[in-house]
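Engineer:
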Amino acid sequence: MGYNLVDVVLVEDNIDDAELAIRELRKHKVGNNLLHLKDGEEALHFVFGTGNYTGQRNLQHLPKVILLDIQMPKVNGIEVLEKIKADERTKAVPVVILTSSNQSPDIKKCYNLGVNSYIVKPVDFENYSKTIRELGLYWLLTNRPPE
Amino acid sequence: MALVPEQDFRLLFESAPGLYLALLPDLTIAAVSNAYLEATMTERKKITGHGLFEIFPDNPNDIEADGVMNLRASLNYVAEHKHAHTMAVQKYDIRRPDGTFEVRYWLPVNTPILNEQNELVYIIHNVEDVTAVQKAGDDFRKSEKNFQSLLGSVKEYAIYMLDANGNVSTWNSGAEAIKGYKAEEIIGKPMDVFYTAGEIASDVPRQNLKKALQYGHYETEGYRVKKDGSRFYADVAITPVYENGQLHGYAKITKDITERRKSEDTIRFMATILDNIQDPVIATDNNFFITSWNEGAEKLLEWKARDVLGRSAIEVLKADFPFEKRKEILSQFANNDFWHGEVVYHSKSGAPVNALVTLSKIKGAGGVLKGNLILARDITKRKLTEEKLKKSVDEMEAFTYSISHDLRAPLRSIIGFANILEEDYGDKLDEEAKRITGVIKKNTSRMGRLIDDLLGFSRTGKLELIKTSVDSDKMVKQIIDEVAPNNPEEKIDWIIHPLPPVKADLNTLNQVWINLISNAVKYSGKADKPKIEIGSIKENGNIAFFVKDNGVGFDEKYKHKLFNVFQRLHSNEEFEGTGIGLAIVDKIISRHGGKVLAEGEVDKGATFYFSLPNNN
């Protein structure tokens, strides 16, 4: 899969959560062009075509949505959000925070930085699956992304 | 031989220094001494040869004048008995030359002069002018009369006399007011009636008189008895009175000091309390200059009373708040005569002292402002404890947050992957493998519920209670619809009595009702005819509600466990549950200041009560 074809980026350090999410999305045929990244640093390299992604990314082709966890090693989700939204080339990309944190300072900060949606991961499996499914369907099928 | 020539006898009589009249038996004035003429403002030639009473009539302006009558009687006596007669002092006013009368008192002595045949020939009428003496006596009597009426009118003091034997001999209106006896009831009675039986038995009444004799004056305090048998606390002074060296009696002055003693007792009592109070109690005048500083203040603020009396409280206490705050406090204090709040003072050494302070105004009789009272309580330790507590609450919050997410997340994966196993490999699993997958999922779900309930319990302790008026009827009906929507009316027999509205926190009280009603539904679910009764009891202004079912009940010997976290009296197979519901009920109700109570009997049912205080 070419990196320019990626339409969903899932940045999640918990591989089990990630696997369950990917399964749910694929089950509903919205996760075919999905890229799973395990920390914020890698996410930034991907988005801006740096690091391992140098020369492999055309910044004209942006994903339809980036699902971003907050608590991650190295660079956390809020820093990633801040950099994406601060850059003219990337700020139009829809970013959805998908996190365990329901602390209000985090929520407010993310909205101030321009987050497109803020989702607290439901703790039980049923609701988690449902939320992921609805998220995928909405951002990939319902929502019209910027060209 | 005659030393005095006969013609000189007239001269001798007329010049004698005494006041003499020589009267003929028919009371005609025969001779008069010069001194007499002078004293009576008369002239010899105008009175000699005239009748005595023609010259000296009674003062016609004095209706009580009896001088003529008395003198005539005395002269008649002398003429008849031929004895001298000394009259009592007579008021016999003298006519001035201008016809007016002058008040005079006389001490007359009438002496018969007899001839050799023992016949009355003259009466010598000698008088002494005692007007000055008599006037002094009159003044004295007048002032004594005044004094008596003064004594009589004194109401605050019982002033009376005892005779030498200790019997009451005089009585004033103060005595009547204080002791309740009228003069006619008590005069002549022994003074013992004023004493208590115990004192009479110990001979105290006589001893007191003896002490008065011994010391000349004796003062004492003690209970005395009134006519109606009630007692009063008396301040008593006894003074022996002597007349001509003989004991005449005792003057007694008694004052009822019951009220004074009460207020003295109160003052002593208050002073003792004040000094034993551990908290600072500081009084100031209206300008906040310190007038009183107790031991509590000495201990906490390190200043000795002698160092701060008269100084400005503001300057001594060095309260740590900004100018605006001080202004706000003073304006509130001025409006309400009261202020209560936390303040940081500084002790003598400059150490900060957290104090909970009550400022109030000291008012005297008629509401006159006498100053201010500062009551302070040292809450430095409490503040420290509060800070520690807040820290541990914060830690607890972080901990519960971590439980809810970090412990919950792995559960999500366990169930998720068990699902994957079922969905993707279902055809490869035999029945036993499928049962085992089911057990994994069931237990994982249960653990999830336990964590959720535990979080709920921990949140219950932290939620801020906002008390409003709660419509209990409406709340209970809504909950019944929610928790038992699938129970057709005929399955559960609901008996809902009218429930009074209460003041409580809406959300947590709702949780209480949910937990109790859903418990009742759950535990009566296996009864043939489930019956649930909900009602209330009013007692001493408190309201207690109850939820009663006819379900499995419980053994009373385990009832102390009912309200504890994770304590269950039934297995999970019998009745699903985590053992948190009643613990949450208990916590919510105790935070409202109420109590919970359970009654039950195995297979007969259970009743749960909860009370909410101060619901009039």
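Chains as they are written, first to last, in my numbering: chain A, -17 to 129; chain B, -9 to 606.
Just so it is clear, CB atoms sit at the ideal spot from N, CA and C, and this is done for glycine as well.
1. Measuring alpha carbon to alpha carbon, tell me which of A:N34, A:L80 and A:T36 ends up nearest V(-9) (chain A).
2. How should G22 (chain A) be labelled, buried or exposed, when 16 other C-beta atoms within 10 angstroms of its C-beta is the threshold for buried?
3. Tell me whether the stretch 163 to 170 of chain B and the stretch 186 to 196 of chain B touch, counting them as touching only if at least three CB pairs, one residue from each stretch, are closer than 8 Å.
4. Just the Cα atoms here: how many angstroms apart are E288 (chain B) and T256 (chain B)?
5. Name the DSSP bridge partner or partners of M151 (chain B)?
6. Let me see if you follow: with CB-CB separation under 8 Å, is I482 (chain B) close to chain A or not?
7. Return the first residue and the last residue of the alpha helix (DSSP H) that K135 (chain B) is part of.
8. Between the beta-carbon of A154 (chain B) and the beta-carbon of G239 (chain B), is there less than 8 Å?
9. From W503 (chain B) to N(-4) (chain A), what does the alpha carbon distance come to, in whole angstroms?
10. Below 8 Å, how does it come out for the stretch 13 to 32 of chain A and the stretch 44 to 54 of chain A: are there three or more Cβ pairs, yes or no?
11. At the level of alpha carbons, what is the spacing between P592 (chain B) and P603 (chain B)?
12. Excluding five sequence neighbours on each side, which residues of the same chain lie with their C-beta closer than 8 Å to the C-beta of F278 (chain B)?
13. Rounded to whole angstroms, what's the CA-CA distance from A534 (chain B) to F553 (chain B)? Just pull it up for me.
14. Should T9 (chain B) and A25 (chain B) be called a contact, given that it needs their Cβ atoms to be closer than 8 Å?
15. Short of 7 Å in beta carbon distance, which residues of its chain neighbour L401 (chain B), apart from the five on each side in sequence? Order them along the chain.
16. Within 10 angstroms of its Cβ, does Q80 (chain B) collect 16 or more other Cβ (buried), or is it exposed?
17. Just tell me which of B:K216, B:F598 and B:F565 has its CA closest to the CA of I579 (chain B).
18. If we call anything under 8 Å between Cβ atoms a contact, is G118 (chain A) one with L7 (chain A)?
19. With distances taken Cα to Cα, identify the nearest neighbour of D483 (chain B) among B:T262, B:T450, B:N49 and B:I524.
20. Using a Cβ-Cβ cut-off of 8 Å, state whether S462 (chain B) counts as contacting chain A.
21. In the DSSP assignment, find the unbroken alpha helix (DSSP H) run with K65 (chain A) in it and report its ends.
22. Under a three-way DSSP split, which group does F544 (chain B) fall into?
23. Is M386 (chain B) buried or exposed, if buried means 16 or more other CB atoms sit within 10 Å of its CB?
24. Assuming V347 (chain B) and D310 (chain B) make a contact with CB atoms under 8 Å, what is their CB distance in whole Å?
25. Mind pulling the chain B residues with CB within less than 9 Å of R8 (chain A)?
26. Buried or exposed for K577 (chain B), going by 16 or more other Cβ atoms inside 10 Å?
27. Do V226 (chain B) and E209 (chain B) have their beta-carbon atoms positioned less than 8 Å apart in this structure?
28. Compute the Euclidean distance between the alpha carbons of D275 (chain B) and T281 (chain B), then round it to the nearest angstrom.
29. Any chance you could list the beta strand (DSSP E) runs of at least 3 consecutive residues sitting entirely within the stretch 325 to 400 of chain B, in chain order?
30. Could you pull out every unbroken beta strand (DSSP E) segment of at least 3 residues lying fully inside the stretch -16 to 47 of chain A, listed in chain order?
31. At a CB distance below 7 Å, what residues from the stretch 427 to 439 of chain B approach chain A? Give them in sequence order.
32. What separation, rounded to the nearest whole angstrom, lies between the Cα atoms of K132 (chain B) and Y205 (chain B)?
33. Report the residue from B:S220, B:A63 and B:D417 whose alpha carbon sits nearest the alpha carbon of F632 (chain B).
34. Quick one: measure Cβ to Cβ for V271 (chain B) and G286 (chain B), integer angstroms, because I've assumed they're closer than 8 Å.
35. Among A:N94, A:G96 and A:L19, whose alpha-carbon lies nearest the alpha-carbon of V(-12) (chain A)?
36. By alpha-carbon positions, which one of B:V429, B:L379, B:I441 and B:L(-7) ends up nearest to K452 (chain B)?
Structural biologist: In short, the structure shows the following:
1. A:L80
2. buried
3. no
4. 23 Å
5. B:T160 and B:A241
6. no
7. T121 to S143
8. yes
9. 40 Å
10. yes
11. Here residue 592 (chain B) turns out to be Val, not Pro, going by the sequence shown. Taking the straight line joining both Cα atoms gives about 31 Å.
12. S302, A303, I304 and N362
13. 17 Å
14. It should be pointed out that residue 9 (chain B) corresponds to Leu in this sequence rather than to Thr. Yes, the Cβ-Cβ distance between L9 (chain B) and A25 (chain B) is below 8 Å.
15. T434, M437 and G438
16. buried
17. B:F598
18. yes
19. B:I524
20. no
21. G59 to A68
22. coil
23. exposed
24. Contact doesn't hold; Cβ gap of about 12 Å is too wide.
25. Simply none; closest approach about 12 Å.
26. buried
27. yes
28. 6 Å
29. 328 to 336, 342 to 353 and 359 to 368
30. -10 to -7 and 16 to 19
31. G438
32. 32 Å
33. This structure gives no information on residue 632 (chain B), because the portion of chain B shown stretches from -9 to 606.
34. 6 Å
35. A:L19
36. B:L379
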